[in-house]
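Novice: Numbering (the working numbering), first residue to last: 1 to 111.
Please see the structure below; I have some questions.
Okay, here's the thing in structure tokens:
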């Protein structure tokens with residue numbers, strides 16, 4: 001399994017509308033991904049901070065998409081290069097002025 005993440009990088013004059021993100025942007029992401037990228041789970045994590053004694057905000061939001069295979073990761077890369085991603089990119093300015101940083105990681109589940 002793989003975890004694809006968009007970590008929104010905080011800035012001094014940061015603005016992030018969590019309600020808009022959950023109510024409008026995430027449903028738009030589901031709609032745009034349907035039939036284009038197979039995924040297992042999609043969710044958002046908010047107000048990421050250092051666990052032990054840290055109060056500094058590391059990210060106002062992290063979007064997480066779990067996919068099963070390397071082929072699914074590649075399908076997501078292709079989606080990000082396609083015109084199908086345009087509605088999502090154009091929507092960003094409606095909820096934030098932060099820039100998302102995209103990463104991917106393999107997720108292991110030892111038993």
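Backbone N, C-alpha and C fix where the C-beta goes; we use that ideal spot for every residue, glycine too.
Between which two residues does the alpha helix (DSSP H) carrying residue 87 extend?
Specialist: Looking at the DSSP string, the run of the alpha helix (DSSP H) that includes residue 87 is 86-95.
Novice: Quick check: the stretch 53-70 against the stretch 38-45, are there 3 or more CB pairs under 8 Å?
Specialist: yes
Novice: Going by other Cβ atoms of all chains shown within 10 Å of its Cβ, with 16 needed for buried, is residue 43 buried or exposed?
Specialist: exposed
Novice: Taking DSSP's pairing of strands, which residues face residue 98 in a bridge?
Specialist: Answer is none; residue 98 lacks a bridge partner.
Novice: Out of 95, 102, 93, 84, which has the shortest C-alpha to C-alpha gap to residue 30?
Specialist: 84
Novice: So residue 76 is in the alpha helix (DSSP H); what residue range does that whole segment cover?
Specialist: 70-81
Novice: When DSSP labels each residue in this structure, what does residue 52 get in the three-state scheme?
Specialist: coil
Novice: Indicate whether the contact test is met: 3 or more Cβ pairs, each with one atom in the stretch 88-100 and one in the stretch 18-25, closer than 8 Å.
Specialist: yes
Novice: Quick one: is residue 86 buried, meaning 16 or more other Cβ sit within 10 Å of its Cβ, or exposed?
Specialist: exposed
Novice: From the DSSP output, which residues share a beta bridge with residue 5?
Specialist: 64, 103
Novice: Sort 5, 28, 80 by Cα distance to residue 45 and report the nearest one.
Specialist: 5
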